[in-house]
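K.L.:
First the structure, which I've put down as structure tokens, then a few questions once you've had a look.
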Amino acid sequence: MTILPGLLDTEAIRKDFPILDRTVHDGKKIVYLDSAATSQKPRQVLDALNAYYERHNANVHRGVYTIAEEATALYEGARDKVAAFINAPSRDEVIFTKNASESLNLVANMLGWADEPYRVDHETEIVITEMEHHSNIVPWQLLSQRTGAKLKWFGLTDDGRLDLSNIDEIITEKTKVVSFVLVSNIMGTVNPVET
Ligand SMILES: Cc1ncc(COP(=O)(O)O)c(C=O)c1O
17 MTILPGLLDT EAIRKDFPIL DRTVHDGKKI VYLDSAATSQ KPRQVLDALN AYYERHNANV
77 HRGVYTIAEE ATALYEGARD KVAAFINAPS RDEVIFTKNA SESLNLVANM LGWADEPYRV
137 DHETEIVITE MEHHSNIVPW QLLSQRTGAK LKWFGLTDDG RLDLSNIDEI ITEKTKVVSF
197 VLVSNIMGTV NPVET
């Protein structure tokens, strides 16, 4: 899915987010740009959370009474909706975590214990870039320390893009992981993911 600038009805979208009705600094409307750190919640999410806690809150997968079964159905129903939304081939590919850091730590840890062909060990290489947030650096550093895998980095060009001039040296037959951000939170660079 590609969303082109200008095609988003931002005024309509803003209306879904109650917090954006707030004003700050003597009446100025909020423009919120820190979504990578904390995302604002639209009315639909706030309502769903309230409805859940008011009517269904119970142990998921562990109870045989009415509200526990409702909670399980809602939880697993959300997995199906997310799988359809991201076009996942299987609902089993959707794993809920609390944030990006936990997700990346989970993936990195798992690769250290995985069976072939996924296993990262001292004969393999991991590739990241110099424009990553800590949450996409530290998990790979830890995996590299634990397994002996070599950690390699794409550098940056002077205009803040990924330097792909040595891509054939950085990504090799030994590469098991290439992990990089789509859009840099520091420079706004959009990386050529398809390439
Ligand atoms: C650009 C960016 N990437 C990743 C993260 C890590 O996000 P999370 O809190 O979801 O682990 C943050 C958090 O501040 C961030 O600002």
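In my numbering, the protein residues as written are 17 to 211. Beta carbons are placed, not taken as given, at the ideal position from N, Cα and C, and that holds for glycine.
#1: Would you mind working out which of Ala-130, Val-197, Val-80, Val-193 sits nearest Met-147, comparing C-alpha positions?
#2: What are the boundary residues of the alpha helix (DSSP H) that Val-143 is part of?
#3: Tell me the residue span of the alpha helix (DSSP H) that contains Thr-211.
#4: Find the nearest neighbour of Ile-142 within the set Pro-133, Asp-131, Gln-157, judged by alpha-carbon distance.
#5: Would the C-beta of Ser-117 count as close to ligand 1, meaning under 7 Å from any of its heavy atoms?
#6: Under 7 Å: does the beta carbon of His-72 sit that close to some heavy atom of ligand 1?
#7: Run the proximity test for Thr-124: is its beta-carbon closer than 7 Å to any non-hydrogen atom belonging to ligand 1?
#8: For the segment 75-83 against the segment 110-124, are there 3 or more C-beta pairs whose distance is under 8 Å?
#9: For Val-206, which residues in the same chain have their Cβ closer than 6 Å to its Cβ, ignoring the five residues on either side in sequence?
#10: Relative to the alpha-carbon of Gly-204, which residue among Val-136, Ala-52, Val-98, Tyr-69 has its alpha-carbon at the smallest distance?
P.N.:
In short, the structure shows the following:
#1: As a working mapping, residue 147 is identified with position 131 in the sequence shown. Out of Ala-130, Val-197, Val-80, Val-193, the CA that lies nearest to the CA of Met-147 is found in Val-197.
#2: Translated into the one-based positions of the sequence shown, residue 143 becomes position 127. Taken as a continuous stretch (DSSP letters only), Val-143 belongs to no alpha helix (DSSP H), being part of the beta strand (DSSP E) at 141-145.
#3: As a position in the sequence shown, residue 211 is number 195, starting the count at 1. From DSSP, Thr-211 is part of no alpha helix (DSSP H); its letter is neither H nor E.
#4: Your numbering for residue 142 matches position 126 in the sequence shown. When C-alpha distances from Ile-142 are compared across Pro-133, Asp-131, Gln-157, the shortest belongs to Gln-157.
#5: Stepping through the sequence shown from its first residue, residue 117 is reached at position 101. With a cutoff of 7 Å, Ser-117 counts as near ligand 1, since its C-beta is closer than that to a heavy atom of the ligand.
#6: By 1-based counting over the sequence shown, the position of residue 72 is 56. It does not: the Cβ of His-72 is nowhere closer than 7 Å to a heavy atom of ligand 1.
#7: By 1-based counting over the sequence shown, the position of residue 124 is 108. Sequence check: residue 124 is Ala here, not Thr. Answer for Ala-124: no, Cβ out of range of ligand 1.
#8: no
#9: On the sequence shown, position 190 is the one that residue 206 refers to. Cβ contact annotation for Val-206 (same chain, cutoff 6 Å, sequence separation greater than five): Val-199, in chain order.
#10: Locating residue 204 in the sequence shown gives position 188, where the first residue counts as 1. The residue with the shortest Cα to Cα distance from Gly-204 is Ala-52.
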